[in-house]
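First comes the structure, then the notes that go with it.
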Amino acid sequence: MFAVEVRDHVMIAHSLPAPVFGPAQGRHGATFVVDAAFFAEEIDAHGLVVDIGRATEALGAVLAPLRYADLDAVPGFEGKFTTTEFLCRHIFEGLAAALRAGGLGDGGRVRRLRVSLAESHVARAWYEAAI
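Residue numbers (the working numbering): 11 to 141.
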């Protein structure tokens, strides 16, 4: 299996209003390091899984509505706990849609995608699934 992984980051604010979240119940900020890994069984005639530039642009486009946003006010996030895991799935869905639409020029080679968010140097989460 071949893979290409690109990285970006996003700064957000949010609250997690349930007792299980302890002090994170109140509004707070976070900076997430975001990695997106694109997996393919084969590379193309140019030796690519996916073009790194296109993958970087696609990740940036998915993150753009979240940058410096209060996630409590993002349309579609109302009533959701915007945990690291939740955000992984949200970003995955945006990148998967770009892949299905041909926006990354992979010719359908990418069969699996993993999105991981590191919320600190000691904790991260990811969502991974087939495309």
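A virtual CB, placed ideally from N, CA and C, is assigned to each residue, including glycine.
Check: Which runs of the alpha helix (DSSP H), 4 residues or longer, sit entirely within the stretch 28–76?
Finding: The stretch 28–76 contains these whole alpha helix (DSSP H) runs: 62–73.
Check: Are the beta-carbon atoms of Ser-25 and Gly-39 separated by less than 8 Å?
Finding: No, the pair does not count as a contact, with Cβ atoms beyond the cut-off.
Item checked: Beta carbon of Phe-48 nearer than 8 Å to that of Ala-65 -> Contact: yes.
Next item on the list: Please report how far the alpha carbon of Arg-99 lies from the alpha carbon of His-131, in whole angstroms.
Entry: Distance between the alpha carbons of Arg-99 and His-131: 21 Å.
Checklist line | Distance between beta carbons of Tyr-137 and Phe-87, contact taken as under 8 Å | finding: By a beta-carbon distance limit of 8 Å, Phe-87 does not contact Tyr-137. Their separation comes to about 16 Å.
Note to self: Quick check: Leu-69 and Ala-46, are their CB atoms within less than 8 Å of each other?
What the structure shows: Annotated as proximal: Leu-69 and Ala-46, with beta-carbon spacing under 8 Å.
Next item on the list: Quick one: grab the DSSP three-state call for Asp-18.
Entry: Three-state result, Asp-18: strand.
Notebook entry, point to check: Hey, Asp-18 and Val-44 are a contact pair by Cβ (cut 8 Å); roughly how many whole angstroms apart?
Noted result: The beta carbons of Asp-18 and Val-44 sit about 5 Å from each other, so the pair counts as a contact at 8 Å.
Item checked: Reduced DSSP category for Leu-127 - H, G, I as helix; E, B as strand; rest coil -> DSSP places Leu-127 in strand when its eight states are reduced to three.
Check: With a Cβ-Cβ cutoff of 8 Å, do Ile-141 and Leu-109 count as a contact?
Finding: Yes, the Cβ-Cβ distance between Ile-141 and Leu-109 is below 8 Å.
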